[in-house]
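Heads up, the thing below is written out as structure tokens.
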Amino acid sequence: MAELLDATGSTDTRTDTGSDTATDSAVERAAAALAAGKLVAFPTETVYGLGADASNAAAVANIFLAKGRPPGHPLIVHMASASDLDRFGRNVSPLAHKLGAAFWPGPLTIVVERADSVAPETAGGLDTVGLRVPDHPVTLQLLNEFGGGVAGPSANRFGSVSPTTAAHVLDDLGSVIDFVLDGGPCAVGVESTIVDVTGPVPVLLRPGGISAVEIEAVLGVAVKDGRAGPSRAPGMLASHYAPNVSVELIEQSEVDDALAVAGATGRPVGLIAPDVRGHSPSWQLPADAGGYAAQLYAALRAADQHNLEGLLVVPPRSGPLLDAVVDRLQKAAAPR
Ligand code: TXA
Ligand code: MG
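For the sequence shown, this note's numbering assigns the number 22 to the initial residue and increments by one for each residue that follows.
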């Protein structure tokens, strides 16, 4: 069973005295484990990642084994600072440097040409790599202490819902990984935005915590939507981020009719919505997409604890994260 390393102390401002020896030693042990080629799950502002030394092909192979992830699916490399762009990337364009300066640390992954300091296996054999500086104090400390790049997909079994707490990680992977560094619940709650800047035009591969509009405002050029057509991102599948229960996406105005139809079949139907209208079992999430995103994956996991006939989900109403949340809900509802 994975050992839980508690680093929640440093994120608790009420007791922050500038140093926290419990957190320091948790982070030191996690960094030593990474250096020894072990797997360490770590907190970020988006979701928990499953970390290994990005330069160590054998360690990275264990990530694919633990997740049950096909080997051709590239991993993101987490770095301590934007100045590492030229260390893990090669021929890095001015567009990438502008984005790193504007949004890191933060929920943005930038795809650039891969430098030799990243093992080919980490990038699923591609000559490009996704790089990101996560905005989480514990993991920034871990990256500084470790001193290298940390390959890290979301710390869940392949195809299922990403973890937003250390307990979620233990539920999914506790029996097959070495350590979980607990930094508390993730603030954003959905995965990072991925933008490819290996060509002349930036291409959005996955919507996330930073919107296309924000990226366009910084770069002064239009971002191409790379989600339509043949996928340029191996591992971007139509069905993903899915709980075990089958999900149906509906509008708030359709809730009463949908529940009436569903109620006829016997087993209960769950509801996730900004307004759950007293239904049980249900999970009421904020109408604002940011608040909704922070609680969505925990709600999907909780719904799977009930023996449901199906799960009805109403999207949030508005907010900068709407595109990212709707993308994840469509993937959760896609035919398996
Ligand atoms: O927020 C996040 O990005 C989280 C945290 C842990 O950082 N990580 C995450 O990793 O969501 P993962 O492996 O679950 O999703 C990363 C996706 C891959 O499925 C792949 O489609 C895309 O990033 N990707 C990675 N490297 C790429 C590359 N070189 N070219 C195109 N897409 C890439
Ligand atoms: Mg994932």
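Just so you know, even glycine gets a beta-carbon here, dropped at the ideal spot from N, CA and C.
Asked	Found
Paired residues, beta bridge with His99 - DSSP	Arg153 and Val171
Pro64 Cβ short of 7 Å to the ligand MG heavy atom set	no
Cβ neighbours of Asp277 in the same chain (closer than 8 Å, five flanking residues each side left out)	Arg298
Outcome for Val132 when other beta-carbon atoms lying within 10 angstroms are tallied against a minimum of 16	buried
Where Arg362 falls: helix, strand or coil (DSSP)	Since the first and last residues shown for the chain are 22 and 357, residue 362 lies out of range.
Nearest to Val335 (by Cα), restricted to the options Gly220, Ala315, Ser303 and Pro341	Ser303
Near the ligand TXA: Ile236 beta-carbon under 7 Å from a heavy atom	no
Supposed contact pair Ser76 and Ala144 - C-beta distance, whole angstroms, cut 8 Å	Not quite, the Cβ-Cβ distance comes to about 12 Å (not below 8 Å), so this is no contact.
Where Val282 sits in the DSSP three-state scheme	helix
Proximity of Tyr318 and Val346 at Cβ, strictly below 8 Å	no
Neighbourhood of Pro255 by C-beta, 7 Å cutoff - its chain only, sequence neighbours within 5 removed	Note that Pro255 scores 49 on pLDDT, short of 50, meaning its location in the model is unreliable and no value can be drawn from it.
Selection from Leu147, Met22, Val154 and Thr186 that minimises the alpha carbon distance to Pro128	Val154
Contact the segment 267-275 vs the segment 240-251: 3+ CB pairs below 8 Å	no
Distance, Ile231 Cα to Ala238 Cα	11 Å
Distance CB(Thr214)-CB(Pro228) smaller than 8 Å	yes
When Ile236, Gly287 and Pro206 are compared against Gln216, the one with the closest alpha-carbon	First, the residue type needs correcting, since residue 216 is Val and not Gln in the sequence shown. The shortest Cα separation from Val216 among Ile236, Gly287 and Pro206 belongs to Ile236.
Ser213 Cβ short of 7 Å to the ligand TXA heavy atom set	yes
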